[in-house]
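Engineer: Pasting a structure below so you can have a look.
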Amino acid sequence: MSRRLRIATESVDPAYLPIIRLWTLRLLLRCNAAREFVGDDYFDSVEVACMLGYAGSQPDSYTRRWALASLKRKLQALENQGARLPSDDAVARNIDQLGDRLGLTVVERDILRFTVVQRMVPVLSEALDLAGQLNQASVCRVYAECLGHPLAAVRAALDDRATMPRAALLSIDRGHSLPFGRKIDLLEGFADQLTLEHDDLLSLFDASIVESAAPKLALQDFAHIQQDVAILRCYLASACREKQPGLNVLIYGRPGTGKSELVRTLAAEVGAQLLEIPSAEASGKPRAGKARFESYRFAQTLLAGSERQFLLFDEVEDVFCETAGARYEGGNATGIKGWVNQILESNPVPTFWVTNHLRAIDPAYRRRFDFVLQMEIPPASVRRGLIERQVAGLALPSRWCESAATHADLAPALVERAAKVVKLVCSGSAEMAPELVMTRLMNNTLAALGSHKLPIAANETGLVYQLEVINADCDLSRLRDGLRAVGEGRICLYGPPGTGKTAFGHHLAQALDRPLLVKRASDILSPYLGETERNIATMFAEAHADGAVLLLDEADSLLRDRQGAVRSWEVTQVNEMLTQMEAFNGIFVASTNLMDSLDGAAMRRFDARVQFGYLHATHAVTMFCKLADKLGLVADELARAAVSRLAVLTPGDFAAVGRLCRLDRPTTAIELANRLRQACDGKKELVRRPMGFAA
0 MSRRLRIATE
10 SVDPAYLPII
20 RLWTLRLLLR
30 CNAAREFVGD
40 DYFDSVEVAC
50 MLGYAGSQPD
60 SYTRRWALAS
70 LKRKLQALEN
80 QGARLPSDDA
90 VARNIDQLGD
100 RLGLTVVERD
110 ILRFTVVQRM
120 VPVLSEALDL
130 AGQLNQASVC
140 RVYAECLGHP
150 LAAVRAALDD
160 RATMPRAALL
170 SIDRGHSLPF
180 GRKIDLLEGF
190 ADQLTLEHDD
200 LLSLFDASIV
210 ESAAPKLALQ
220 DFAHIQQDVA
230 ILRCYLASAC
240 REKQPGLNVL
250 IYGRPGTGKS
260 ELVRTLAAEV
270 GAQLLEIPSA
280 EASGKPRAGK
290 ARFESYRFAQ
300 TLLAGSERQF
310 LLFDEVEDVF
320 CETAGARYEG
330 GNATGIKGWV
340 NQILESNPVP
350 TFWVTNHLRA
360 IDPAYRRRFD
370 FVLQMEIPPA
380 SVRRGLIERQ
390 VAGLALPSRW
400 CESAATHADL
410 APALVERAAK
420 VVKLVCSGSA
430 EMAPELVMTR
440 LMNNTLAALG
450 SHKLPIAANE
460 TGLVYQLEVI
470 NADCDLSRLR
480 DGLRAVGEGR
490 ICLYGPPGTG
500 KTAFGHHLAQ
510 ALDRPLLVKR
520 ASDILSPYLG
530 ETERNIATMF
540 AEAHADGAVL
550 LLDEADSLLR
560 DRQGAVRSWE
570 VTQVNEMLTQ
580 MEAFNGIFVA
590 STNLMDSLDG
600 AAMRRFDARV
610 QFGYLHATHA
620 VTMFCKLADK
630 LGLVADELAR
640 AAVSRLAVLT
650 PGDFAAVGRL
660 CRLDRPTTAI
670 ELANRLRQAC
680 DGKKELVRRP
690 MGFAA
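In terms of my numbering, the sequence shown opens at residue 0 and continues consecutively.
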């Protein structure tokens, strides 16, 4: 027993021992805790008895009457000595600094220090447990008796409207009778931080408030939302000058779209310091919504009156919604909802609230934000600039960046993380090609997100798209020039596969010096009700925002004749497509192999319908000669004649054969012609070319 008692005494700082003894004796004798402490045979808590100076062994003269009399003598002696808290340690200095900043009274400072010491000294906690289950009134009495302050002053310090409860620095569970240690709660990490030396108050509360990282982007990187950004910038600058309370901005959207980065950029633009409410502890463990919200409440109190400071509260969905079991797991049910409306109307420090899940925030809260901004994946023109900056130094070809920018799910944050890996991989191994590694990393991540792979083209075949060889029923050059002059149009391209429809869309974008947004039916169709319609609207909105040529491949899947529809959603999808087509004032190119299956109303909405057919014999021979020349072969008359007889030859066949020749180079022109014939033999539709000379 003596060893156990010695450990209990040694755990208490000698400078604190007199005041802890005084507090304990006042608790025992003035708050009825002695009933639990003084037993029939000896003190019921050996640790507390040791701390009070009693020997480890039971005295022969021990009785309950003797014990109470002894406790009273000890209390009187300490009262006469005037035991005081140390005034020159880190805890005292930190509390004084905080008290000066928040304007805490002497009573509030003493309450705070008493609670902190109780957390630091286990034997004091054990002594307080002897007081049993406490309600709010008994907690106030414990503080008043132990600290020697008037009960009314303690009640005022612990009132909900007082500084410490309002700032969540110290709070009381008002719904249950509990032991002191569970009845009183301190701001997360506060007690431990008080024992350390700090240069400023922010470092004292780095578990609750941290300085945000410097922005990596500039305002021009948010050109796709420039109107919203301009309004926000002016609003923030004016609010800073006038110190307007209740400024709250809600930003929502898909992960990786740059929401937090926008906040950092705006703060830097108006010359404000941006502080964040951390979502994880230093160990990496996630922080509960209740703890984060209490940190926010404290930050608002601590920073009130400061010049040009903003707060960033990211991932707020766990604060604004209550999950099952939250009442027992420290979630939202522990009083957050009661504070939200008041805070959104009166917070002194401008706050940005950021979330990936808008639906998690009750509409009653959404209405209380001054500015609500949705952020989606930036348009291709913006993504191109971000990608080029993030992959700088990786020696990626420009075509990689251009193709990657067309991927709608390629958020800037994904590229940044992949580029970081590629730099390390390629610097450690010269055999690793940056383009290969980058593409592999991005595709792995996109697959995990349920998205399609990057549209990175294979090595070039060397064939150039030539309008003069395309077999179309209109002059494609005149059509292209007309689109350039007017700036808008809806074009339907139809015909067999490989005849150059999709390639014409690429040619248009390049000729008109516009970005190209390529979509396939598989990118749009979704098994979830209403999701396809949303994807259709998003597709047109993205093309409009970027000023892009919108190329929809396999358009028949989304414009199928409604008369043959079996399910209601088949009709609503076509309706949405027709509505968006009619409202779109850009260049829309739809390609299909199944013209006969398109809805009649869709056909009326196209400004031009262009049929693409198989190559004429003369055009086929022209393309054959160019391919043969590129391969170093002589296109003799026999080979040219063989090609001219191929009735269903397309530019796509030349591209496919050209790719094959990179792997297995032919030795003669006739061998090359035979490969083109094999490409035609596999087609279901065989058309016999008429006898005589080609027109």
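Here a beta-carbon is modelled for each residue, glycine too, at the ideal position from N, C-alpha and C.
These figures come from a predicted structure and were not determined experimentally.
Under 6 Å Cβ to Cβ from residue 22, same chain only, skipping five residues before and after it: list those, please.
Structural biologist: The residue labelled residue 22 in the question sits at position 23 within the sequence shown. Taken in chain order, the residues that qualify are 145.
Engineer: Assign residue 327 to one of two classes, buried (16 or more other C-beta atoms within 10 Å of its C-beta) or exposed (fewer than that).
Structural biologist: Here residue 327 corresponds to residue number 328 of the sequence shown, with the count starting at 1. Because the pLDDT of residue 327 is 37, which lies under 50, any placement of that residue in the model is unreliable, and the number read from its coordinates should be weighed accordingly. Answer is exposed; the Cβ neighbour count stays below 16.
Engineer: Compute the distance between the beta-carbons of residue 207 and residue 305, then report whether it is under 8 Å.
Structural biologist: As a first step, residue 207 must be located in the sequence shown, where it is residue number 208. As a first step, residue 305 must be located in the sequence shown, where it is residue number 306. Between residue 207 and residue 305, the gap from beta carbon to beta carbon reaches 8 Å or more.
Engineer: Thinking residue 353 and residue 220 are a contact (beta carbons under 8 Å), I'd like their distance in whole angstroms, please.
Structural biologist: Locating residue 353 in the sequence shown gives position 354, counting from the first residue. Locating residue 220 in the sequence shown gives position 221, counting from the first residue. Wrong, their Cβ atoms sit about 17 Å apart, outside the cutoff.
Engineer: In or out: residue 527 buried (at least 16 other Cβ within 10 Å) or exposed?
Structural biologist: Start at 1 with the first residue of the sequence shown, and residue 527 comes out as number 528. Burial call: exposed.
Engineer: Which parts of the region 171-242 are runs of the alpha helix (DSSP H), unbroken and 4 residues or longer, counting only runs that do not cross its ends?
Structural biologist: 179-182, 189-193, 200-203 and 225-241
Engineer: Rounded to the nearest angstrom, how far is the Cβ of residue 253 from that of residue 446, given a contact under 8 Å?
Structural biologist: The residue labelled residue 253 in the question sits at position 254 within the sequence shown. The residue labelled residue 446 in the question sits at position 447 within the sequence shown. About 17 Å separates the Cβ atoms of residue 253 and residue 446, ruling out a contact at the 8 Å cut-off.
Engineer: Extract the residue ranges of the alpha helix (DSSP H) inside the region 331-412, only unbroken runs of 4 or more that lie entirely within it.
Structural biologist: 336-345, 362-365, 379-389 and 397-404
Engineer: May I ask you to list the residues that DSSP assigns as paired with residue 554?
Structural biologist: Position 555 of the sequence shown, counted from the first residue, corresponds to residue 554. None, per the DSSP bridge assignment.
Engineer: Compare the Cα-Cα distances from residue 79 to each of 261, 247 and 17 and report the closest residue.
Structural biologist: On the sequence shown, position 80 is the one that residue 79 refers to. Ranking 261, 247 and 17 by Cα distance to residue 79 puts 17 first.
Engineer: According to DSSP, is residue 487 helix, strand or coil?
Structural biologist: On the sequence shown, residue 487 is found 488 positions in, with the first residue counted as 1. Reduced to three states, the DSSP call for residue 487 is coil.
Engineer: Which residues in the same chain have their Cβ closer than 7 Å to the Cβ of residue 109, if we skip the five residues on either side of it in sequence?
Structural biologist: Working through the sequence shown from its first residue, we reach residue 109 at position 110. Closer than 7 Å at Cβ, skipping near neighbours: 146 and 148.
Engineer: So the beta strand (DSSP E) residue 583 belongs to, where does it begin and stop?
Structural biologist: As a first step, residue 583 must be located in the sequence shown, where it is residue number 584. Looking at the DSSP string, residue 583 is not in any beta strand (DSSP E), and its letter there is neither H nor E.
Engineer: Is residue 493 closer than 8 Å to residue 594 when the C-beta atoms are compared?
Structural biologist: Position 595 of the sequence shown, counting from 1, holds the residue named residue 594. Position 494 of the sequence shown, counting from 1, holds the residue named residue 493. Taking 8 Å as the Cβ cut-off, residue 594 and residue 493 qualify as a contacting pair.
Engineer: Cβ atoms of residue 581 and residue 532: under 8 Å apart, would you say?
Structural biologist: Here residue 532 is taken as the residue at index 533 of the sequence shown, counted from 1. Here residue 581 is taken as the residue at index 582 of the sequence shown, counted from 1. Cβ distance not < 8 Å, so residue 532 and residue 581 don't count as in contact.
Engineer: In angstroms, rounded to a whole number, what distance separates the CA positions of residue 256 and residue 378?
Structural biologist: As a first step, residue 256 must be located in the sequence shown, where it is residue number 257. As a first step, residue 378 must be located in the sequence shown, where it is residue number 379. Those two C-alpha atoms are separated by around 11 Å.
Engineer: So is residue 666 buried or exposed if we call it buried at 16+ other beta carbons inside 10 Å?
Structural biologist: Taking the sequence shown and counting its residues from 1, the one referred to as residue 666 is at position 667. Classification for residue 666: exposed.
Engineer: For my contact list, residue 297 and residue 186 are in at a C-beta cut-off of 8 Å; report their separation, rounded to the angstrom.
Structural biologist: Your numbering for residue 297 matches position 298 in the sequence shown. Your numbering for residue 186 matches position 187 in the sequence shown. The Cβ separation is near 6 Å, so the contact holds.
Engineer: Among 571, 437, 292 and 43, which residue has its Cα nearest to the Cα of residue 399?
Structural biologist: Within the sequence shown, numbered from 1, the residue matching residue 399 stands at position 400. Residue 437 is the option with its Cα nearest to residue 399.
Engineer: Compute the Euclidean distance between the alpha carbons of residue 183 and residue 172, then round it to the nearest angstrom.
Structural biologist: Along the sequence shown, one-based indexing puts residue 183 at 184. Along the sequence shown, one-based indexing puts residue 172 at 173. Taking the straight line joining both Cα atoms gives about 7 Å.
Engineer: How many angstroms separate the CA atom of residue 361 from the CA atom of residue 371?
Structural biologist: Stepping through the sequence shown from its first residue, residue 361 is reached at position 362. Stepping through the sequence shown from its first residue, residue 371 is reached at position 372. Rounded to the nearest angstrom, the two C-alpha atoms are 14 Å apart.
Engineer: Do the CB positions of residue 433 and residue 421 come within less than 8 Å of each other?
Structural biologist: Along the sequence shown, read from residue 1 onward, the residue named residue 433 stands at position 434. Along the sequence shown, read from residue 1 onward, the residue named residue 421 stands at position 422. For the 8 Å CB-CB criterion, residue 433 and residue 421 form a contact.
Engineer: What residue range is occupied by the uninterrupted beta strand (DSSP E) comprising residue 519?
Structural biologist: Counting from one through the sequence shown, the residue named residue 519 turns up at place 520. Counting along the chain, the beta strand (DSSP E) containing residue 519 begins and ends at 515-519.
Engineer: So residue 608 and residue 553 are supposed to be a Cβ contact under 8 Å. How far apart are they, rounded?
Structural biologist: Position 609 of the sequence shown holds residue 608. Position 554 of the sequence shown holds residue 553. Contact flag wrong, Cβ pair sits at about 17 Å.
Engineer: Are residue 388 and residue 401 touching if we call contact CB-CB under 8 Å?
Structural biologist: For this step, residue 388 is matched to residue 389 along the sequence shown. For this step, residue 401 is matched to residue 402 along the sequence shown. Against a cut-off of 8 Å, the Cβ pair of residue 401 and residue 388 comes out as no contact.
Engineer: Could you give the residue range of the alpha helix (DSSP H) that holds residue 716?
Structural biologist: Any property of residue 716 remains undetermined from this structure, which presents the chain solely from 0 to 694.
Engineer: Where do the ends of the beta strand (DSSP E) carrying residue 607 lie?
Structural biologist: Walking along the sequence shown from the start, residue 607 turns up at place 608. Residue 607 -> beta strand (DSSP E) spans 607-612.
Engineer: Using the Cβ count rule (16 or more neighbours within 10 Å means buried), how would you classify residue 291?
Structural biologist: As a working mapping, residue 291 is identified with position 292 in the sequence shown. It counts as buried.
Engineer: Quick one, are the C-beta atoms of residue 616 and residue 643 less than 8 Å apart?
Structural biologist: Position 617 of the sequence shown, counted from the first residue, corresponds to residue 616. Position 644 of the sequence shown, counted from the first residue, corresponds to residue 643. Yes, the pair counts as a contact, with Cβ atoms nearer than the cut-off.
Engineer: Can you tell me whether residue 12 is buried or exposed? The criterion is at least 16 other CB atoms within 10 Å of its CB, across all chains shown.
Structural biologist: Your numbering for residue 12 matches position 13 in the sequence shown. Result: exposed.
Engineer: With H, G and I counted as helix, E and B as strand and the rest as coil, what does DSSP make of residue 62?
Structural biologist: Stepping through the sequence shown from its first residue, residue 62 is reached at position 63. Residue 62: coil per DSSP, three-state reduction.
Engineer: What residue does the alpha helix (DSSP H) around residue 36 start on, and which one ends it?
Structural biologist: Locating residue 36 in the sequence shown gives position 37, where the first residue counts as 1. 33-36 is the span of the alpha helix (DSSP H), which, as asked, contains residue 36.
Engineer: Quick one: what's residue 591 bridged to in DSSP?
Structural biologist: For the purposes of this step, residue 591 is taken as the residue at position 592 of the sequence shown. Residue 591 pairs with 493.
Engineer: If you draw a straight line from the C-alpha of residue 155 to the C-alpha of residue 143, how long is it?
Structural biologist: Locating residue 155 in the sequence shown gives position 156, counting from the first residue. Locating residue 143 in the sequence shown gives position 144, counting from the first residue. Straight-line Cα distance between these residues: approximately 11 Å.
Engineer: Candidates 376, 314 and 393: which alpha carbon is nearest residue 359's?
Structural biologist: The residue given as residue 359 occupies position 360 in the sequence shown. Nearest option by C-alpha distance: 314.
Engineer: According to DSSP, is residue 571 part of a helix, a strand, or is it coil?
Structural biologist: Looking up residue 571 in the sequence shown gives position 572. Residue 571 carries a helical assignment under DSSP once its states are collapsed to helix, strand and coil.
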